[in-house]
Amino acid sequence: MVRVVRTTVVAALATLVATLVSPSPPTSAQPAPTDRFALASGCFTAQTADGDYLSRTENTVTATGASPADAEPWHLRATDLGRYLLFGSERDFLAASDGEFGKALDGALNNSAGAMADGLSRGTTGQLADDLAAGPLGTTTGRGARIVTAAEPSDLADWRIIEAPGGFHISLPSLDAWLTTDDSGTVSLTPNKDNATTLAFRHATGCAPWPEADVNVTGPVATGETPYGEVRGFLDGHLHGMAFEFVGGRARCGRPWHRFGVIEALQGCQEHEASGGRTHLLEAVLSERDPIAGHDTQGWPTFHDWPAHDSLTYEQVYYRWLERAWRGGLRMVTNLLVENHALCEQYPFKRNDCNEMNSAALQAKRIRQLERYIDAQHGGPGEGWLRIVDDPFEARRVANSGKLAVVLGVELSVPFDCGLKANQPTCDREQIDAAIDELYDLGVRQLELVNKFDNALTGVKGDAGSTGVVVNSGNFYSTGQFWRMRNCEDAHAHDHTQPNVSDDSGAPQEFTGRDSIFGAILAATGTSGVAPLYPEGPHCNVRGLSELGKHALNRIVERGLLFDPDHMSAKAADESLDLLERKGYSGVISSHSWADKTIYPRVYELGGVVTPYAGDSDGFVEKWREHREWADDRFYFGFGYGSDTNGFGAQGAPRGDTPTAVRYPFTGFGGTTIHRQVSGERTFDVNTDGVAHYGLYPDWIEDLRRQAGEQIVDDMTRGPEAYLQMWERAIGIAPDSCRDDVGDLTDADATRVTTGMPPSEVLRALGQPASRDNRTFTYCLAGDRFLRVRFDRHDRVAQVRVSRTR
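Going by my numbering, the letters in the sequence shown line up with residues 72 to 877, in that order.
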């Protein structure tokens, strides 16, 4: 089925773009690029030092073109930093092949699409690579691998380009060989780098357009006034961008990127395609669609049935959709590395280790590969719009430069391998310390201590309804015990109420609401059992924060990490905040509405941040109004959302053609113009599709504005700054001295600042300023005075001044 889809896609693209392809590509007068990273997404001809151009006759490539009119125009599509597909005018690829053997090899490579263990590449591996190495130049015939055009991308078309005197050398890493030409114009491969042909890439026109999802946002990318000033934009405190590796790596279909492009990234998967969309366990349990009729599994280019706001088994954070959210104003996001060993062990299809810490490490690796991939599309290392950040100073610089600052976090059921077996912990304090260090080294800066099941650190809040019954069975599988739910002493602080089920009741087969995918996996794989009979609710888990949990939380505070109490039992969350309050620790965030209303005011009183679950826009407006009442005016208030996107809960539903419906195009953050998003043949509209994929969050925010006015958007654009100030305090930056409950700075304090200091050192010396206007930090000084620290254009202290006026 995959092969049929691809053939259809290629044919459709050929029809759509045939009129756009120039038969005689003239070379531009622009100077030839000399930086290999600058080649990305450009249209070029390739010319040898002798003046001959690479040209084509059908699928044969030679160096015989006498002029630009004879040359083949190549679109250079980056697969990684310095590596490219050369996409030809016939929507094919410059590739190595060798006669009939090459045809057979190409077939084997194409049939193996998606079969690699890590899902990132396909092609020449194992025995194929050994066969290629059997003769001169890695061929079985000994004639030398010829250069042709191939209909599909593969390892034999993934070229590495490096700078060389007068141009570039091109190698094929899969064969460890270099492109070379001879006097007759034959183009082939050589194992000897010294024999590589130097090519100059000349700007050209006439390239075939590369198939890709559109962004459909135009206008400037808003930046901050300075790298160290106040950040404006939007904040998502809870995203699962790498969840394609979750539950063993085969529970969900599609992926956020693929080196060979959108056609590979946004396909269905084998479990769906086996019988027309009727066999995938999770979609069958979760979806309201007719399980007999199935669903359309094809993604690109039609997207008939997916992505959808209520489908949890397909990719929703493709990188171009994420790019659209960034262009629409997203400036900070926490990407949660997520796993649940019990679900992974029970789910029958997998390619990854089920250990949760190992899965977190794999997902951390994947998001850094995505960062590289985006860099490769945008000019080289560090040039992409997505940056993974390690501290609030770096995050502020990134966001103020107009890029997306990504904080790594974890949401695991057994963090630190700290589970329960027969009511005994599977870890000790030394193991916890080592695991926190390991996560820190991976770049993790935000942590939850629990997700779905009780562990040795804390009790869990539990799930409600039919999902709760089945996830409770998963708790039994993981720990040997069901949740120990009792009547709550305080009805205002409680966990999710459990249904009273009889001993002979069967496992429910319908799952709706938050995190329903967890219950669906357990039900679909037969892990559900008989849950205990609980008293009438409200219910509270008797498990609170254990001594090991207190140790872990103390270590989190010592490392300046951000703590998220979501998913903890009411008792454990209360005990955790007690500990943080004793320490006066601000580094706390409730990221996606898995706490209760007794927790949120306490988070604000600590100087923490709340990013409620996004969900339906009208419900989010009500949350915003409620949270504004809880906010503590001692701290900077900003509001974010926790999307929980990529398979753990439905996204915002469509609201239809209401009086406050979104009208396209509309003006978004920073003056951008936002049109309906187009992916392949489908156009998305938030009014009729809801938040079908992550790229529709700018549209969702416009929906909020249409319902609640400019104030909600203004509060949300302050979200990143609230998060950053919270993070600064967590790593030891003193709070604003202008607060009534904080002492003013003294003249002696002021002397700690000297000219030439960077902003981060000023913060360490004086704490957080009352304002960060233009190039000036303002502080309150004893004696009703104000201290102003002004920075120069090199972002170093230029002047320290005391005044009586603010």
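We put the beta carbon where it would ideally sit given N, CA and C, even for glycine. Quantities reported herein were computed from a predicted structural model and do not represent experimental measurements.
Quick one: grab the DSSP three-state call for residue i.
i	result
Q341	helix
H865	coil
A732	coil
V132	strand
E301	coil
S537	helix
S544	helix
C415	helix
V469	helix
W554	coil
Y684	strand
V274	Residue identity check: residue 274 is His in the sequence provided, not Val. H274 falls in the strand class under three-state DSSP.
D151	strand
D811	coil
Q440	helix
E410	strand
D201	Caution applies to D201, whose pLDDT of 33 falls short of 50 and renders its modelled position unreliable; the model cannot decide the point.
S112	coil
L767	helix
D512	helix
F172	The pLDDT assigned to F172 is 38, lower than 50, so where the model puts this residue is not dependable; a value taken from the coordinates is nonetheless given after this. If DSSP states are grouped into helix, strand and coil, F172 belongs with the helices.
M403	strand
A167	strand
E652	helix
With a cut-off of 8 Å on the beta carbons, I'd call residue i and residue j a contact; round off their distance for me.
i	j	result
V860	V871	6 Å
G304	T744	Not quite, the Cβ-Cβ distance comes to about 17 Å (not below 8 Å), so this is no contact.
L157	R443	20 Å between Cβ atoms; not a contact.
P769	A476	That belief does not hold up - the Cβ atoms of P769 and A476 are roughly 17 Å apart, past 8 Å.
T220	F164	6 Å
G470	G300	The sequence shown places Ala at residue 470, rather than the Gly named in the question. About 10 Å separates the two Cβ atoms, so there is no contact after all.
H563	G539	About 20 Å separates the two Cβ atoms, so there is no contact after all.
G332	P282	7 Å
R789	M828	Not confirmed; about 27 Å, so no contact.
S714	H309	6 Å
What residues in its chain sit with their C-beta under 6 Å from that of residue i, if we drop five residues either side in the sequence?
i	result
S242	R231, W249
W392	H764, Y765, G766
L433	E316
P244	R231
A179	Here A179 scores only 38 on pLDDT, less than 50, and its place in the model should not be relied on; the value that follows carries that caveat. Taken in chain order, the list of residues that qualify is empty.
S842	T849
D367	H375, D376
Q101	H274
P452	D446
Would you list the residues sitting across from residue i in a DSSP beta bridge?
i	result
Q782	Paired residue(s): none; Q782 is not in a bridge.
I232	I241
K492	Q495
W249	S242, T261
L933	The question about residue 933 has no answer here: the residues shown for the chain are numbered 72 through 877.
S750	R753
F737	I745
R127	V132
W145	F115
Which residue from the options puts its Cα closest to that of residue i?
i	options	result
L852	G827, R835, C809, R127	C809
E752	T826, D689, P372, H240	P372
T731	N612, D689, A721, H746	D689
S382	A111, Q722, I438, D844	Q722
C324	L837, Q101, K421	K421
S484	F464, G530, V515, P463	G530
C611	G533, D635, T669	G533
E560	P609, A527, Q569, G514	P609
F634	K642, L648, S640	L648
H240	D254, L270, V258	L270
C278	A140, R398, H146	H146
H380	D756, V318, S664, C489	D756
I507	D488, S662, N494	D488
Can you give me the Cβ contacts of residue i inside the same chain, cut-off strictly under 7 Å, excluding the 5 residues immediately before and after it?
i	result
A793	V680, Y707, F708, G709
G256	D123, T133, A134, T135
G761	H380, Q722, G723, A724, P725
D812	R705
Among residues of its own chain, excluding the 5 on either side of residue i, which ones have a beta-carbon nearer than 8 Å to its beta-carbon?
i	result
G741	G290, P291, V292, A293, G400
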